[in-house]
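Going letter by letter, the sequence shown gives residues 3 to 228 in our numbering.
No residue lacks a Cβ here, since even glycine has one placed at the ideal position from N, Cα and C.
All remarks here apply to the structure that follows.
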Amino acid sequence: MSPKQRLALLGLRLPHLTLKRLQKSGIYCVPRLAVVQQRSTRRYLIRAHESGGAVVELGCYCGFAMDTGAPLGWFQRVETIGVNGLHARALATSLVRIHVVRVMHTYDLLVTAHKLEPGDNGQRPSLTNSILFQGRQGTLELELWGKDKDFRGRVFPIFYDRAGDQLEIPAQFTDAVRRAIAGVTCCGCEHTHLLTAPESFPSLDSAGAKPAKAEDNKSEYASERR
């Protein structure tokens with residue numbers, strides 16, 4: 003596997019010192035993906051985790067969107083006593099991952115696409131991964147974790163190539179990137195910034211109960227859209 007393929011599969015590769023600081027700060031971010039099979043439908047799906055958060059000095063966040071850039075519904079919301087950890091799980095046949103790391107006003111961003119390719123003769127499908135955007139050491143002078151928090155979800159850093167030309171984030175993913183930037187500057191984060199509540203809940207449907215409306219559920223995306 004080439005370094006580029008490894009990056010597309012695993013997400014941003016962080017220095018040991020950064021990983022150690024994230025661990026010490028209590029920030030838990032899970033960019034890894036898994037291919038799973040549903041016993042009930044025998045379908046293969048990609049399993050992903052929206053996770054992460056921030057303290058003042060640094061942050062790490064990983065969220066997901068549809069391959070069109072539209073919001074993706076979560077399969078399971080996770081609420082724990084701790085913060086800056088796992089927020090929700092998603093299942094899909096294809097998705098886009100937005101992985102971002104921040105040290106004060108400096109950001110690294112990786113946007114990758116993932117989809118399942120059918121296997122031969124009914125075999126397990128393979129996960130294909132591609133890099134849609136990579137930006138290193140982008141800058142955003144606003145203190146989104148503090149006095150400028152009202153701008154969270156509305157801005158993202160500027161990234162340049164080695165020659166000083168500005169790198170353009172694909173237009174269909176700019177909204178998702180803004181939300182990921184909100185996540186990586188959200189101190190004590192305990193909610194999703196990208197994944198949204200699903201339109202219905204199968205467990206409630208099967209029990210004969212009326213599904214809750216998506217807007218009735220806690221979601222950073224839904225609250226910002228009102």
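Rounded to whole angstroms, the gap between the alpha carbons of Gly190 and Gly148 is 12 Å. A distance of 7 Å or more separates the beta carbons of Thr141 and His101. By the Cβ neighbour-count rule, Pro172 is exposed, with fewer than 16 other Cβ atoms within 10 Å of its own. Secondary structure note for Asp110: its beta strand (DSSP E) is the uninterrupted segment 108 to 119. Leu24 is positioned such that its CB atom lies closer than 7 Å to that of Cys62. Contiguous beta strand (DSSP E) elements confined to the region 72 to 109 occur at 88 to 94, 96 to 105, taking only those with 3 or more residues. Straight through space, the alpha carbons of Arg104 and Ala182 are spaced by roughly 11 Å. Secondary structure at His18: helix, using DSSP grouped into helix, strand and coil. The beta carbons of Leu118 and Ile48 sit about 6 Å from each other, so the pair counts as a contact at 8 Å. Exclusion of the five residues before and after Cys31 leaves Ser53, Gly54, Cys62, Cys64 as the residues of its chain whose Cβ lies within less than 6 Å of its Cβ. In the three-state DSSP reduction, Ser4 falls in the coil class, being neither helix nor strand. Restricting attention to Gly155, Val85, Thr82, Gly137, the CA atom closest to the CA of Gly166 is found in Gly137.
By the Cβ neighbour-count rule, Gly185 is buried, with 16 or more other Cβ atoms within 10 Å of its own. Bounds of the alpha helix (DSSP H) holding Thr176 are 176 to 186. DSSP places Gly124 within a helical segment (H, G or I) once states are collapsed to three. The residue from Leu9, Arg15, Glu201, Leu112 with its alpha-carbon nearest to that of Phe161 is Leu112. For Phe66, the secondary structure class from DSSP, reduced to helix, strand or coil, is strand. In terms of CA proximity to Arg156, Arg180 leads the group Arg180, Pro5, Cys188. Nearest neighbour of Glu145 by Cα position, chosen from Cys188, Ala90, Trp76, turns out to be Cys188. Counting along the chain, no beta strand (DSSP E) covers Glu201, and no H or E run does either.
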